Amino acid sequence: MVREEISRLLQGAAAAAQQSGLLPQVTLPEITVEPPQRPEHGDYATNLALRLARSARMAPSQIARILIQSLPANDVIARAEVAGAGFINIVLRPEWVSAQLEGILAHGQRFVHNDQGQGRRVQVEFVSANPTERCHAGSGRAAALGDSLANLLALSGWQVQREYLVNDAGGRLQALGETILARYLQALGHPAEVPQDGYHGEFLRQLGQELAAELGDQIMELGHDAAVTHLARLAVERIVALHKADMDALGVHFDTWFREQALHDHGEVAATVELLRERGYVSEREGAVWFSSTALGDDKDNVLIRSNGVPGYLAADIAYHRDKFVRRGFERVIDVWGADHQGHVSRMKAGVQAIGVDPDRLTIIIHQLVTLRRGGEVVKLSKRTGNIVALADVIEEVGRDACRFFFLARSPESQMEFDLDLAKEESEENPVFYVQYSHARTASVLEKAEQRGISPQAWGLGAPDVAVLQHPAELALARFLLRYPEVIYDAAAQLEPHRLTFFAQELARIFNAFYRDCRVLPSERSPHDPPLPVSAARLRLVAAAQQVLAHVLGVIGVTAPRHMARVEEEVLA
RNA sequence: GCCCCGGUAGCUCAGCGGAUAGAGCAGCCGCCUUCUAAGCGGCCGGUCACAGGUUCGAUUCCUGUCCGGGGCACCA
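Taking this note's numbering, I'd label the letters of the first sequence as residues 2 to 574.
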């Protein structure tokens, strides 16, 4: 990465300055090198001198001057100067920047890789929607976030597993079975009521009808309890299949669909409660078994096993995480949860700690909820009444690419407002089309060059020399492309895939500016034709831009089309 | 009452210790004989909720207040 290169040079400068006595022997702070906000402040800037001022007891600008003088000889930096209160602004050598393009093209996709993970195993668990409803829009947000995060980690040297937890056990499953049974009976013309704590939505009513039509009255022979269990199992399988279809529609694929029931079946839940007991984190009162999470800093204790003998979700969740860390041996686990689960974070952390796992190995990303608007009004969400907007409908309306991009275009902690009408009406104005269009342009130029047999060989030029690239728009594009590995690195380190959508848009903007200012292919009669060597070098630049655009779209989960045809408006009556 | 996340341009949102706070959309004005105008240039638009504090420096960190969302079950 470019900034590492610069960082090394600065380190060398500081060491040299200390050796010669120009700077006192103080320990260096961590050197941060980043692109400044304003282009006139150079390609990269560092506040090293400012950070050093206090310990060195010298004026920042003086330190900056010394550092610049002490920079070792190199072919990277064209110019470094003191600016503002003591920043060091750095301008890269254009020849060096251009030469890096060949690196991008030669290394292919490997040029974005980094080794943060060092081959360690990480699991990203996301979506894990309860099998009592279709996926709603919030699941789309979790899907886009989790999948792109997994992509980022994979690029950063982690061995990644994508997991979806199927909550096919516990009290809600009972309510699901009761609900389905009631709907099933109703469909067959028998009197039945969905219980108060059941699911009253249209979706399960239809599922009950479907099952009634398929199974006839054979379920009625089972008796109530057996019927509830049987129907619950049937319903779970159908609903999970629908969830899977929704994920497929978004281009999200999981490595494992983990069944909670398996934990119960294999005695892992009971074993986990026993382990907690051995470690002294269990107390019994009011007929229930409690997890003493207050001992680990949580705000209150929580029930592990209810007084009716049934383990609650917390016992299952701790067992589940023990399974991830201990049995399956993940170094790190990342859970993506909606804001409605925010209250569970502290007890999950406490639970992991109680079973002897360093809680820092568990990261829980909370994304805020998605608010839907239709016709300018908030669509009220209620699982009880079943008035939800299904993810499948959103994908249908807006399209997979726009969905993925839109869901990822905000940081997880900000609430998202999804105006369905607007998203539909303005889909052509959606930023995703802008980025895709830029990619299509790169493809178009390269294709045209191929069709016309344009190549350095055809011109008798030999290998293209990117050092001829000198135009500001060319260099701006080249410099920006070189930032991509840095963006990937930071987004992975911070677990913030939404940065990629902003990078993609900015790259598209810079590419379009280049496209406007710098003609790539000779047209045979235009006075603006570039000389052939420039044309050849620009083709290399376009190829590099295409590679980066296609790559970032891939990480986001959006297709990179080679052609985009505008749908002509019908203007004739 | 307690806990979590927000409050930045008309709208949706980035930025989150540094140099004149950004983008998209909306609005206004221009640009198609030239590699796709789903494009490009320009203009308009901000007390970064409010009040204190820490700092050489705060939209960014801390405390408090107000506003919006979510959570505080022997549901998950």
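Just so you know, even glycine gets a beta-carbon here, dropped at the ideal spot from N, CA and C. Quantities reported herein were computed from a predicted structural model and do not represent experimental measurements.
Classify residue i as helix, strand or coil using the three-state DSSP reduction.
i, result
"Ile7", "helix"
"Ala17", "helix"
"Val346", "helix"
"Ala46", "strand"
"Arg411", "coil"
"Arg385", "Residue confidence is low: Arg385 scores 43 on pLDDT, short of 50, so the model does not pin down where it sits. No coordinate-derived value is stated."
"Ala391", "strand"
"Gln124", "strand"
"Ile356", "coil"
"Phe204", "helix"
"Tyr282", "coil"
"Pro36", "coil"
"Gly558", "coil"
"Trp97", "helix"
"Glu570", "Interpretation of Glu570 is limited by its pLDDT of 44, a score under 50 that renders its predicted location unreliable; no figure is taken from the coordinates."
"Glu332", "coil"
"Pro457", "coil"
"Leu29", "coil"
"Val337", "strand"
"Phe88", "strand"
Name the residue from the options whose alpha carbon lies nearest to the alpha carbon of residue i.
i, options, result
"Phe259", "Glu275, Gly268 and Val241", "Val241"
"Phe127", "Lys350, Gln495 and Leu166", "Leu166"
"Leu212", "Ala100, Gly224 and Ile181", "Ile181"
"Asp249", "His499, Cys136 and Arg184", "Cys136"
"Gln458", "Glu378, Leu533, Leu186 and Ser149", "Leu533"
"Gly630", "Leu447, Val379, Ala538 and Gly171", "With the chain covering only 2 through 574, there is no way to say anything about residue 630."
"Arg541", "His552, Arg55, Ile89 and Ala464", "Ala464"
"Glu448", "Ile511, Gln547, Phe481 and Tyr485", "Gln547"
"Ile78", "Ser129, Gly454 and Val3", "Val3"
"Ala65", "Asn75, Ala74, Asp76 and Arg52", "Arg52"
"Arg329", "Ile396, Leu177 and Arg121", "Arg121"
"Val125", "His564, Val446, Ala493 and Leu501", "Ala493"
May I ask which residues mark the beginning and end of the alpha helix (DSSP H) holding residue i?
i, result
"Gln262", "Glu261 to Asp266"
"His368", "Where His368 is concerned, there is no enclosing alpha helix (DSSP H), although the beta strand (DSSP E) it sits in stretches over Leu363 to His368."
"Phe481", "Pro473 to Gln495"
"Gln506", "His499 to Asp518"
"Glu279", "Glu269 to Glu279"
"Leu186", "Gly172 to Ala188"
"Ala233", "His225 to Ala250"
"Leu156", "Ala138 to Leu156"
"Arg442", "Pro432 to Gln452"
"Gln70", "Pro61 to Gln70"
For the beta strand (DSSP E) that residue i lies in, which residues bound it at each end?
i, result
"Met417", "Met417 to Asp420"
"Ile306", "Asn303 to Ile306"
"Leu315", "Leu315 -> not in any beta strand (DSSP E); alpha helix (DSSP H) instead, spanning Tyr314 to Arg323."
What's the call for residue i, buried or exposed, on a 16-neighbour Cβ count within 10 Å?
i, result
"Thr443", "buried"
"Asp226", "exposed"
"Phe503", "exposed"
"Pro312", "buried"
"Arg385", "Reliability fails at Arg385, whose pLDDT of 43 lies under 50, so the model's placement of it is uncertain and the value that follows must be treated cautiously. It is exposed - the Cβ of Arg385 has fewer than 16 other Cβ atoms within 10 Å."
"Ala246", "exposed"
"His440", "buried"
"Asp169", "buried"
"Glu475", "buried"
"Asp341", "exposed"
"Glu164", "buried"
"Arg539", "buried"
"Asn75", "exposed"
Stretch pair the segment 342-353 + the segment 391-402: three plus CB contacts closer than 8 angstroms: No: fewer than three Cβ pairs fall under 8 angstroms.
query: Within the chosen definition, does the segment 330-338 reach the segment 279-295 through at least 3 CB pairs nearer than 8 angstroms?
result: Per the Cβ contact rule, the segment 330-338 is not in contact with the segment 279-295 (fewer than 3 Cβ pairs under 8 angstroms).
message: For the segment 111-131 against the segment 213-220, do three or more pairs of beta-carbon atoms, one drawn from each stretch, fall closer than 8 angstroms, so that the two count as touching?
response: Judged by Cβ distances under 8 angstroms, the segment 111-131 makes no contact with the segment 213-220, as fewer than three pairs qualify.
- prompt: Does the pairing of the segment 198-208 with the segment 290-300 give three or more beta-carbon distances under 8 angstroms?
  reply: The segment 198-208 is not in contact with the segment 290-300.
- request: Please determine if the segment 398-417 and the segment 514-524 are in contact, where contact requires at least 3 C-beta pairs separated by less than 8 angstroms.
  value: Taking 8 angstroms as the limit for Cβ pairs, the verdict is that the segment 514-524 does not touch the segment 398-417.
The segment 193-201 touching the segment 157-171, judged by at least three CB pairs closer than 8 angstroms: Taking a cut-off of 8 angstroms for Cβ pairs, the segment 193-201 and the segment 157-171 do not touch, as fewer than three such pairs fall below it.
query: Would you call the segment 252-268 and the segment 313-321 touching, i.e. three or more CB-CB distances under 8 angstroms?
result: Under the three-pair Cβ rule at 8 angstroms, the segment 252-268 counts as touching the segment 313-321.
message: Under 8 angstroms: do the segment 14-28 and the segment 52-59 share three or more Cβ pairs, one atom per stretch?
response: Because the criterion of three Cβ pairs below 8 angstroms is met, the segment 14-28 and the segment 52-59 touch.
task: Evaluate the contact criterion for the segment 543-563 versus the segment 495-515: three or more CB pairs, one atom per stretch, below 8 angstroms.
output: Counting Cβ pairs under 8 angstroms, three or more are found: they touch.
message: So, does the segment 141-154 touch the segment 95-111, judging by three or more C-beta pairs under 8 angstroms?
response: Segments in contact, no.
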